[in-house]
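Trainee: Residues 213 to 376 (the numbering used here) are what the sequence shown spells out, left to right. Just so you know, even glycine gets a beta-carbon here, dropped at the ideal spot from N, CA and C. From a predicted model like this one, the values you see are computed outputs, not experimental measurements.
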Amino acid sequence: MPLRGKQLRVRFACHSASLTVRNLPQYVSNELLEEAFSVFGQVERAVVIVDDRGRPSGKGIVEFSGKPAARKALDRCSEGSFLLTTFPRPVTVEPMDQLDDEEGLPEKLVIKNQLFHKEREQPPRFAQPGSFEYEYAMCWKALIEMEKQQQDQVDRNPWQNGSS
213 MPLRGKQLRV RFACHSASLT VRNLPQYVSN ELLEEAFSVF GQVERAVVIV DDRGRPSGKG
273 IVEFSGKPAA RKALDRCSEG SFLLTTFPRP VTVEPMDQLD DEEGLPEKLV IKNQLFHKER
333 EQPPRFAQPG SFEYEYAMCW KALIEMEKQQ QDQVDRNPWQ NGSS
C-alpha cells in the first residue's frame, strides 16, 4: 500500500507460536522450511531470513497455527538432531522474541547448481541415534552450545564490553 510515495507494509505482532530457526543450510528455501516443520503441525508462515543482497543468513522464522505445534517442534528439535538437507548439520530452534519483517528466500530464487542438488538428495528428517549423521550432528549442537555459553560470558563481563 503506497503512502506518500513510499511502500507501506503491515505486519502483525509476533504470537507465541513463532520460532526462530538457526543454523539453516545454504540451500533451504521458505518452501523447504515450511515442508520440514509441517511434521509438527500446521505452519502458517515459514521464512528464511536473507541479507540485503538476497543471500540466506542461516536463520529463519516458522509461525505455527497454535502453541502445541510450536512446543512440539521446540521439544523435538532440542532433544534430537533435525536435519533439513543431506549435510548432517542440525538446526537449532528457540522461541521467537520479535517478528522479523524480511520476505525470505522463495524456492524460485535458490540457485539450483550441482551443490544444491547434492544438498537436497535427502528430505528433512531427524538423524537416527547411533548413526554417523547423529554423531556428527551432536558435535554441531555441542559447538553451538559452547559458542552460546562463551557469548553469554562475554555479555556478562562488563570490562570487556567497554564499560567500567
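1. Leaving out five residues before and five after T298 in sequence, what residues of the same chain have Cβ atoms less than 6 angstroms from its Cβ?
2. For the segment 221 to 298, list the beta strand (DSSP E) runs that are entirely contained and at least 3 residues long, ordered along the chain.
3. Evaluate F344 with the Cβ neighbour count: other Cβ atoms within 10 Å of its Cβ, from every protein chain shown; 16 or more gives buried, anything less gives exposed.
4. What's the C-alpha gap between I261 and D309?
5. Which residues mark the beginning and the end of the alpha helix (DSSP H) in which V366 is found?
6. Under the DSSP definition of a beta bridge, which residues are partnered with E306?
7. How many Å lie between K284 and G253 at the Cα?
8. If I'm right that L296 touches V240 with Cβ under 8 angstroms, what's the distance once you round it to whole angstroms?
9. Provide the residue span of the alpha helix (DSSP H) that contains L327, from first to last.
10. Among residues of its own chain, excluding the 5 on either side of G316, which ones have a beta-carbon nearer than 6 angstroms to its beta-carbon?
11. Buried or exposed: which applies to S228, given that a residue is buried once 16 or more other Cβ atoms fall within 10 Å of its Cβ?
Mentor: Answer, in terms of the structure:
1. Position 86 of the sequence shown holds residue 298. Excluding sequence neighbours, T298 sits near E331, E333, Q334.
2. 230 to 234, 255 to 262, 268 to 276
3. If you number the sequence shown from 1, residue 344 lands on position 132. Classification for F344: exposed.
4. For the purposes of this step, residue 261 is taken as residue 49 along the sequence shown, with counting starting at 1. For the purposes of this step, residue 309 is taken as residue 97 along the sequence shown, with counting starting at 1. In a straight line, the C-alpha of I261 is about 15 angstroms away from that of D309.
5. As a working note, residue 366 is residue 154 in the sequence shown. Per DSSP, V366 is one residue of the alpha helix (DSSP H) stretching across 344 to 368.
6. Here the question's residue 306 lines up with position 94 in the sequence shown. DSSP output for E306 lists T232 as bridge partner(s).
7. The sequence position of residue 284 within the sequence shown is 72, counting from 1. The sequence position of residue 253 within the sequence shown is 41, counting from 1. Looking at the two C-alpha atoms, the distance is approximately 8 angstroms.
8. In the sequence shown, residue 296 corresponds to position 84, counting from 1. In the sequence shown, residue 240 corresponds to position 28, counting from 1. About 5 angstroms; that satisfies the 8 angstroms criterion.
9. For the purposes of this step, residue 327 is taken as residue 115 along the sequence shown, with counting starting at 1. Note, L327: alpha helix (DSSP H), 326 to 331.
10. As a first step, residue 316 is located in the sequence shown; it is residue number 104 there, counting from the start. Here the set comprises N242, V259, V260.
11. Along the sequence shown, read from residue 1 onward, the residue named residue 228 stands at position 16. Burial call: exposed.
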